[in-house]
Amino acid sequence: MKFGTKALHAGIKPDPSTGAIMTPIFQTSTYVQDSPGNHKGYEYARSQNPTRTALESNLAALENAKFGRCFASGMSATDTIIKLLNPGDEVVCTNDLYGGTYRLFTKLYAKYGLKFTFVNMQDLNEVREAMTDRTKLVWVETPTNPMMSIVDLVGLSKLTKDFGTLMAVDNTFATPYLQTPIDLGADLVMHSVTKYIAGHSDVVMGAIVTNSEELDEKIGFLQNSSGAVPGPNDCFLVLRGIKTLHVRMDRHSENGQRIAHFLRSHPLVNRVYWPGFDDHPNHDIAKRQMKKFGGMISFMLKDDSLEAAFEVLKKFKVFSLAESLGGVESLAGHPASMTHASIPKEERLKSGLTDSLIRLSVGIEDVDDLIEDLEQAIG
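Residue numbers are given in my numbering: position 203 of the sequence shown equals residue 205, and the series is strictly consecutive.
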């Protein structure tokens, strides 16, 4: 079954009681049992909900995985993966990653005896050098947030398997339409469903998929024990959003390509970060493991100052200055003061995240209007 068909139908069946083609919103906290322990597969809504079950099955199918679990947010999904570890375990992470993930790792879990090492994963030798016999997890984003670096997932998977280490991939920027890390050797794939998968800036949710029954059982135990689960209405909205994921991602990618090339030709822009450029350091890997290059772009002004970036951001008329990404509307953000403010400046600079860097989430509007907005805002 091809992706577009799976997006609409995988894991989803018409409601048997009414024939409703859309999965109903099962707005219930509990379920009646015929006798103690004799029920229809559902006991309590923190543990299971039919709307959530349909979404989890659909997401697993899109990622070519066997198991899926949904959470109240992308951060609660990340939190659950870290809870698979024990004090004294070590995690090797991408040095260029979402600020909220960095904050969770360094401000919360480091004090419970976990060690986090941040390396440039574009160089697998750096990953190998950072790994020890206590490394239990490698955490990777690709493309990275916000520098759009590409990590070789096949090569990284071979490395983690040599060490007997779990490999978890944050696939938020690519979505399962552009990239399926399970097929490339990942043990766990995490999504901030809030972003492209839901796609309409109206839901906060996270997800984890895996092919491992053992890992899924552990994740399910943590999901039920900690209770960070999404409500059925949010699950319904995401199921609806997924039905157009492939159509939206095609448009995001087409618009992103036009805008990336426009920005690169602009005299006031110093550098553009987008994996579709032939001279991107890992462009060949991106071509190999991604279907298209997506709609996320970062760029740096020639005037590399906070003031210059703020001036551009204030002038936007179509792009909206806002946190988050992946919605149908175009958003612009300033990572140094917004999404990545929790990362110390010296750490941000190591990955190239300067004060003038602007991150774009290119939407599905008419691309000529978006280019015109960028032209007037940059000057």
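Backbone N, C-alpha and C define an ideal beta-carbon position, used for all residues, glycine too. These figures come from a predicted structure and were not determined experimentally.
When you compare the segment 60-69 with the segment 189-199, are there three or more beta-carbon pairs, one atom per stretch, that lie closer than 8 Å?
yes
TODO: To the nearest angstrom, report how far apart Lys85 and Leu224 are at their CA atoms.
DONE: Taking the first residue of the sequence shown as position 1, residue 85 is located at position 83. Taking the first residue of the sequence shown as position 1, residue 224 is located at position 222. Lys85 and Leu224: Cα-Cα distance of roughly 8 Å.
So for Phe28, helix, strand or coil by DSSP? Here residue 28 is taken as the residue at index 26 of the sequence shown, counted from 1. Reduced to three states, the DSSP call for Phe28 is coil.
Name the two residues that bound the continuous alpha helix (DSSP H) containing Lys138. Along the sequence shown, read from residue 1 onward, the residue named residue 138 stands at position 136. Careful: Lys138 lies outside any alpha helix (DSSP H), inside the beta strand (DSSP E) at Thr137 to Glu143.
Query raised in the report: Where Thr118 and Leu110 are concerned, what is the direct C-alpha to C-alpha distance, given to the nearest angstrom?
Result: For the purposes of this step, residue 118 is identified with residue 116 of the sequence shown, where counting begins at 1. For the purposes of this step, residue 110 is identified with residue 108 of the sequence shown, where counting begins at 1. A quick correction: the sequence has Phe, not Thr, at residue 118. Roughly 11 Å separates the two Cα atoms.
Using only alpha-carbon positions, find the residue among Ser363, Pro337 and Glu374 that is nearest to Thr356.
For the purposes of this step, residue 356 is taken as residue 354 along the sequence shown, with counting starting at 1. Nearest of Ser363, Pro337 and Glu374 to Thr356, Cα basis: Pro337.
Exercise for the section: Have a look at Ser390 and Ser159 and give me their C-alpha separation to the nearest angstrom. Expected result: With the chain covering only 3 through 381, there is no way to say anything about residue 390.
For Gly233 and Ala74, what's the separation of their Cα atoms in angstroms? Start at 1 with the first residue of the sequence shown, and residue 233 comes out as number 231. Start at 1 with the first residue of the sequence shown, and residue 74 comes out as number 72. Looking at the two C-alpha atoms, the distance is approximately 8 Å.
**OP:** In angstroms with no decimal places, state the Cα-to-Cα distance between Glu383 and Phe120.
**Re:** Residue 383 is absent from the structure shown; the chain starts at 3 and stops at 381.
(request) Report all residues from its chain with a CB closer than 7 Å to the CB of Gly115; omit the five preceding and five following residues, and keep chain order. (result) Here residue 115 refers to the residue found at position 113 when the sequence shown is read from its first residue. These residues qualify, in order along the chain: Pro89 and Gly90.
**Report entry** Lys8 burial status per 10 Å Cβ neighbour count (16 or more: buried)
**Finding:** Residue 8 sits at position 6 when you count from the first residue of the sequence shown. With 16 or more other Cβ atoms within 10 Å, it is buried.
- Just grab the DSSP bridge partners of Cys72 for me. Residue mapping note: residue 72 aligns to position 70 of the sequence shown, counting from 1. BP columns for Cys72 point to Ala209.
Item checked: Residue interval of the beta strand (DSSP E) (run including Thr119) -> Taking the first residue of the sequence shown as position 1, residue 119 is located at position 117. Looking at the DSSP string, the run of the beta strand (DSSP E) that includes Thr119 is Lys117 to Val121.
>> Taking the beta strand (DSSP E) that Tyr275 belongs to, which residues open and close that run?
In response: Here residue 275 refers to the residue found at position 273 when the sequence shown is read from its first residue. Note, Tyr275: beta strand (DSSP E), Val271 to Tyr275.
- Quick one: give me the first and last residue of the alpha helix (DSSP H) that Glu348 is part of. As a working note, residue 348 is residue 346 in the sequence shown. That run of the alpha helix (DSSP H) goes Lys347 to Lys352.
**Message:** For a test of the three-state rule: what should DSSP assign to Thr96, helix, strand or coil?
**Reply:** Here residue 96 refers to the residue found at position 94 when the sequence shown is read from its first residue. Thr96: strand per DSSP, three-state reduction.
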